[in-house]
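S.K.: Sequence positions in the sequence shown follow this note's numbering and run 2 to 618. All C-beta atoms, glycine included, are put in the ideal place defined by N, C-alpha and C.
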Amino acid sequence: MKNNQIKEKIAKEVIDDFKNRAEARKSFDTIWQINMNFLMGNQYCNIGYGGQIEEADRQFFWQEREVYNHIAPIYDIRYAKLSRIKPDINVIPATSDERDKQSAKASKKIYKSLKNKLEIENKITQAIKWSEVCGTVFYKVSWNNNLGQTVAVDKDGNKVKSGEVELSVVSPFEIYPDSQTCESLRDCQSLLHAKAYTTEQIKSMYGVEVKGEKINTFSLDNVSVGVGGLGFNGTATKLIETTKDNSAIVIEKYVRPNSEYPNGRLIIVAGDKLVYDGELPYLCGEDKTRDFPFIRQTSIEEPGCFWGTSVIERLIPVQRAFNAVKNRKHEFINRLSLGVLSVEDGSVDLDNLEEEGLCPGKVLVYRQGATEPKYLQSESIPAGLSDEENNLLDEFNKISGVNDLLSTSTISSNISGNALELLISQDETRLNASIESIKSACKEIAKKILRLYKQYAIFPRIAKIVGENGQIEMFYFSSSDISSDDIELENQTDGSQTLTQRREMIFSLLEKGIFQDENGTLTNRMKCKILEMLGLGIWENAQDLNELHLKRADGENIKMLKGDEVDVSEIDDDKLHLNEHIAFMLGEDFEKAKAKNSKLEKMFLEHIHKHKKKMEG
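(1) Around the Cβ of Pro318, are there at least 16 other Cβ atoms within 10 angstroms (buried) or fewer (exposed)?
(2) Going by Cα to Cα distance, which pick from Arg59, Asn259, Ile252 is closest to Cys189?
(3) Is there contact here, the stretch 26–39 with the stretch 276–293, by at least three beta-carbon pairs under 8 Å?
(4) Rounded to the nearest angstrom, what separates Lys254 and Ala57 at their Cα positions?
(5) Roughly how many angstroms separate the alpha carbons of Pro173 and Ile75, rounded to a whole number?
(6) Whose C-alpha, out of Val171, Ser387, Leu316, Val349, is nearest the C-alpha of Lys330?
(7) Give me, in chain order, the residues of the same chain whose beta-carbon lies closer than 6 Å to that of Thr137; leave out the 5 immediate sequence neighbours on both sides.
(8) Applying the 10 Å Cβ sphere with the 16-neighbour rule, what's the burial state of Asp292?
(9) For Pro263, count the other beta carbons within 10 Å of its own beta carbon; 16 or more makes it buried, fewer makes it exposed. Which is it?
(10) Does Trp308 come out as helix, strand or coil in the three-state DSSP assignment?
(11) Specify whether the stretch 80–90 and the stretch 436–454 touch according to this definition: at least 3 beta carbon pairs, one from each stretch, less than 8 Å apart.
(12) What does a CB cutoff of less than 8 Å around Thr494 pick up in its chain, not counting 5 residues either side in sequence?
(13) For Thr182, does the three-state DSSP call read helix, strand or coil?
(14) Whole angstroms are fine: how far does the CA of Glu24 sit from the CA of Val15?
(15) Enumerate in chain order the residues of its own chain whose CB-to-CB distance from Lys305 is below 7 Å, with the five nearest sequence positions on each side excluded.
(16) For the beta strand (DSSP E) containing Arg266, name the first residue and the last one.
(17) Go through its chain and collect everything with a Cβ distance to Asn328's Cβ below 7 Å, but skip five positions before and after it.
(18) Measuring alpha carbon to alpha carbon, tell me which residue in Trp131, Val211, Glu120, Lys212 is nearest Leu168.
(19) If you draw a straight line from the alpha carbon of His608 to that of Leu549, how long is it in whole angstroms?
(20) Do you know offhand how far Asn21's Cα is from Lys113's?
(21) At 4 residues or longer, and completely inside the stretch 90–146: list those alpha helix (DSSP H) runs for me, N to C.
(22) Quick check: the Cα distance between Ile436 and Glu133, rounded to an integer number of angstroms?
(23) To the nearest angstrom, report how far apart Gly265 and Ser180 are at their CA atoms.
(24) Quick check on this structure: which residue in Glu287, Gly402, Arg368, Pro94 has the alpha carbon closest to the alpha carbon of Ser311?
(25) Helix, strand or coil for Lys214, going by three-state DSSP, please let me know.
(26) Go to Phe295, then tell me how far its beta strand (DSSP E) extends in each direction, as first and last residue.
(27) Taking the straight line between their C-alpha atoms, what separation do you get for Leu342 and Arg26?
(28) Buried or exposed, going by whether 16 or more other CB atoms sit within 10 Å of the CB of Ala271?
(29) Let me know the secondary structure DSSP gives Ala57 once reduced to three states.
(30) Using a threshold of 9 Å, state whether the C-beta atoms of Glu214 and Ser248 are closer than that.
(31) Indicate the three-state DSSP secondary structure (helix, strand or coil) for Asp188 in the structure shown.
(32) What's the call for Gln320, buried or exposed, on a 16-neighbour Cβ count within 10 Å?
(33) Thinking just about the alpha-carbon of each residue, which of Asp101, Ala12, Lys82, Lys363 is nearest to the one in Asp590?
(34) Assuming Val166 and Ile450 form a contact by the criterion Cβ under 8 Å, report the distance between their Cβ atoms to the nearest whole angstrom.
(35) For Val142, count neighbouring C-beta atoms within 10 Å of its own C-beta (all shown protein chains included) and say buried if the count is 16 or more, exposed if not.
(36) With DSSP as the reference, please indicate the residues paired to Asp278 in a beta bridge.
Quick look at the structure:
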């Protein structure tokens with residue numbers, strides 16, 4: 002009974018903490034909802050009393066309330082440019098020691114094999130959508146014991162899995178820090194992750210039954226929100242609040258290691274029941290320390306604030322002003338085209354005149370002696386409206402920092418290629434902050450994945466890699482093959498560069514002779530490498546054959562290193578084989594192996610002599 006009371010007390014403390022943090026974050030929730038509404042086209046909404054989203058009604062029946070959405074195309078341009086960023090992770094060994102080199106190679110293979118399995122690139126593009134709308138998004142890297150290969154079957158017939166890493170994108174609506182003024186996850190001493198699940202899902206995950214409730218959530222709906230022009234109504238996609246039946250909120254509270262909890266603390270509450278209370282499970286921090294399994298990514302960093310800022314938030318005042326100017330302009334055009342009639346009281350049938358107006362061919366009957374109806378003289382459209390419209394269009398580009406140069410007519414046809422490249426580079430300068438945040442997040446994802454495998458991949462497991470030429474390489478690995486704490490993860494290529502830009506750089510280096518050897522010629526291996534960098538590795542059969550010879554020569558080196566005799570085959574390309582064998586003998590690995598086996602050098606030299614003899618004969 003006492004134990005149950007303690008569990009209820011802990012669950013209540015976590016739930017109360019969640020409610021307090023939700024109240025502290027309420028203003029940011031409202032901003033995110035406004036951003037989503039404006040992106041979808043519902044742009045006549047305001048923040049009312051109590052922080053609720055309210056719709057603004059028409060003041061007059063004739064009032065123009067069309068939406069001229071410039072936020073959506075700006076979002077599309079930013080998303081298209083940022084989604085090109087797919088950094089390639091390069092694992093660097095900490096030292097020149099052979100064990101560190103092999104660990105670096107194994108770590109890179111593991112990450113490469115998981116890149117498609119975990120759909121990392123798709124998750125990154127999904128996260129970019131959230132960060133561009135709300136300003137902040139999170140990745141969660143965790144370990145799931147119910148995934149992976151079957152390694153055993155227990156006495157009840159249940160399959161025991163090897164476990165696998167899980168990567169998920171977490172929206173900012175689900176994260177609750179201990180303070181809104183923390184500038185990073187490292188500054189947070191505790192963090193809540195709250196998400197709604199159905200009672201069936203909770204029972205499947207934690208084996209407990211909880212009481213189902215109606216949970217408030219958000220969804221998109223195409224409803225009429227009072228937009229449109231004179232005489233007609235339009236619809237816009239609106240973010241509405243709905244309920245999710247028979248559900249409960251699962252709250253995960255992560256506490257960073259401190260004096261009271263040296264290994265940190267993780268508390269999981271499903272509904273009103275405590276389902277877990279223990280130390281932080283993941284050694285995913287620096288130097289094998291326990292850390293949060295989350296990674297933060299922002300669109301624009303906000304000083305002194307945990308949450309990033311979205312460009313949409315800055316564009317909303319300009320969008321409101323642009324809608325107002327365009328609609329006032331169209332109201333003026335309506336007055337010019339429809340006209341404003343001046344009618345003497347009692348001179349005509351007003352009901353008929355209001356219904357039909359002065360249509361062509363109409364017979365207008367008015368009282369004898371009265372003044373005939375006539376149109377009031379209207380002025381032309383003020384030039385200030387058009388000037389303000391153009392100024393607001395310029396403000397969209399200045400505030401957003403992006404511009405689709407191909408869609409503008411301001412670029413001269415006589416502009417040089419270098420000048421155009423400089424314009425494009427300057428146009429993308431404002432994206433650098435978002436690009437660096439994405440790269441940093443990709444780097445942290447790779448680190449946490451390798452550290453979790455270091456912690457949990459105790460038994461050997463099999464993985465595969467698909468090479469540039471479509472070849473599949475299978476390999477085994479375990480936690481002993483990974484030394485992530487001694488490995489630095491770098492972005493091998495600039496993700497903002499396009500394939501065309503990389504090809505131009507390679508061609509430029511090729512013209513300057515950078516890839517040539519001391520004799521001024523391109524080796525066969527370098528040709529293979531250049532074709533691979535150009536993305537044309539599978540187009541040239543002759544180069545594919547050279548790649549196969551190189552791999553065969555590497556295999557022969559490994560066999561001779563083990564003491565096995567290797568004969569020279571008639572199909573061998575002797576020049577390629579000679580280069581590979583000589584390069585291997587000049588390496589550090591061969592020197593260490595030669596110290597243990599005195600006959601090794603003689604074996605290699607005899608094999609090289611056979612190749613030379615075959616070339617001469």
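M.R.: Working from what's here:
(1) If you number the sequence shown from 1, residue 318 lands on position 317. With fewer than 16 other Cβ atoms within 10 Å, it is exposed.
(2) If you number the sequence shown from 1, residue 189 lands on position 188. Cys189 has its Cα closest to that of Asn259, out of Arg59, Asn259, Ile252.
(3) no
(4) Within the sequence shown, residue 254 is the residue found at index 253, counting from 1. Within the sequence shown, residue 57 is the residue found at index 56, counting from 1. Cα-Cα distance, rounded: 39 Å.
(5) Here residue 173 refers to the residue found at position 172 of the sequence shown. Here residue 75 refers to the residue found at position 74 of the sequence shown. The alpha-carbon atoms of Pro173 and Ile75 are separated by roughly 22 Å.
(6) Indexing the sequence shown from 1 puts residue 330 at position 329. Nearest of Val171, Ser387, Leu316, Val349 to Lys330, Cα basis: Ser387.
(7) Locating residue 137 in the sequence shown gives position 136, counting from the first residue. Answer for Thr137: Pro173, Thr299, Trp308, Gly309, listed in chain order.
(8) In the sequence shown, counting from the first residue as 1, residue 292 sits at position 291. Flag for Asp292 reads buried.
(9) Translated into positions along the sequence shown, residue 263 becomes position 262. Burial call: exposed.
(10) Taking the sequence shown and counting its residues from 1, one reaches residue 308 at position 307. Coil, per DSSP.
(11) yes
(12) Working through the sequence shown from its first residue, we reach residue 494 at position 493. For Thr494, the predicted model reports a pLDDT of 45, less than 50, meaning its position is unreliable; a value from the coordinates is still stated below. If we look at Thr494 and ignore the five residues flanking it on each side, its Cβ neighbours are Pro88, Asp89, Arg503.
(13) By one-based count along the sequence shown, residue 182 stands at place 181. DSSP places Thr182 in coil when its eight states are reduced to three.
(14) The residue given as residue 15 occupies position 14 in the sequence shown. The residue given as residue 24 occupies position 23 in the sequence shown. So the two alpha carbons sit approximately 14 Å from each other.
(15) By one-based count along the sequence shown, residue 305 stands at place 304. Inspection of the sequence shows that residue 305 is occupied by Gly rather than by Lys. If we look at Gly305 and ignore the five residues flanking it on each side, its Cβ neighbours are Thr182, Glu184.
(16) Here residue 266 is taken as the residue at index 265 of the sequence shown, counted from 1. Arg266 -> beta strand (DSSP E) spans 266–271.
(17) The count along the sequence shown starts at 1 and reaches residue 328 at position 327. Excluding residues within five positions, the ones whose Cβ falls inside 7 Å are Glu65, Arg66, Glu67.
(18) Position 167 of the sequence shown, counted from the start, is the residue given in the question as residue 168. For the residues Trp131, Val211, Glu120, Lys212, the minimum Cα distance to Leu168 belongs to Glu120.
(19) Looking up residue 608 in the sequence shown gives position 607. Looking up residue 549 in the sequence shown gives position 548. Roughly 19 Å separates the two Cα atoms.
(20) Stepping through the sequence shown from its first residue, residue 21 is reached at position 20. Stepping through the sequence shown from its first residue, residue 113 is reached at position 112. Computed Cα separation, rounded: 42 Å.
(21) 99–118, 121–135
(22) Translated into the one-based positions of the sequence shown, residue 436 becomes position 435. Translated into the one-based positions of the sequence shown, residue 133 becomes position 132. Using only the alpha carbons, I get a separation of about 12 Å.
(23) The residue given as residue 265 occupies position 264 in the sequence shown. The residue given as residue 180 occupies position 179 in the sequence shown. Taking the straight line from one Cα to the other gives about 18 Å.
(24) Taking the first residue of the sequence shown as 1, we reach residue 311 at position 310. Ranking the options by Cα distance to Ser311, first place goes to Gly402.
(25) Sequence index remark: in the sequence shown, residue 214 carries index 213 (1-based). Reading off the sequence, residue 214 comes out as Glu, not Lys. Reduced to three states, the DSSP call for Glu214 is strand.
(26) As a first step, residue 295 must be located in the sequence shown, where it is residue number 294. Residues 295–299.
(27) Residue mapping note: residue 342 aligns to position 341 of the sequence shown, counting from 1. Residue mapping note: residue 26 aligns to position 25 of the sequence shown, counting from 1. For Leu342 and Arg26, the distance between alpha carbons rounds to 55 Å.
(28) In the sequence shown, counting from the first residue as 1, residue 271 sits at position 270. With 16 or more Cβ atoms within 10 Å of its Cβ, Ala271 is classed as buried.
(29) Here residue 57 refers to the residue found at position 56 when the sequence shown is read from its first residue. Residue state, collapsed to three classes: coil.
(30) Numbered from 1 along the sequence shown, position 213 holds the residue referred to as residue 214. Numbered from 1 along the sequence shown, position 247 holds the residue referred to as residue 248. Contact: yes.
(31) Along the sequence shown, read from residue 1 onward, the residue named residue 188 stands at position 187. Looking at Asp188 - three-state DSSP - the assignment turns out to be helix.
(32) Residue 320 sits at position 319 when you count from the first residue of the sequence shown. The residue is buried, with at least 16 neighbouring Cβ atoms inside 10 Å.
(33) Numbered from 1 along the sequence shown, position 589 holds the residue referred to as residue 590. Looking at the Cα atoms, Asp101 is the closest of the given residues.
(34) To locate residue 166, count along the sequence shown from 1; it is residue 165. To locate residue 450, count along the sequence shown from 1; it is residue 449. Rounded, the Cβ-Cβ distance is 5 Å, consistent with contact.
(35) As a first step, residue 142 must be located in the sequence shown, where it is residue number 141. Flag for Val142 reads buried.
(36) Your numbering for residue 278 matches position 277 in the sequence shown. Ile268.
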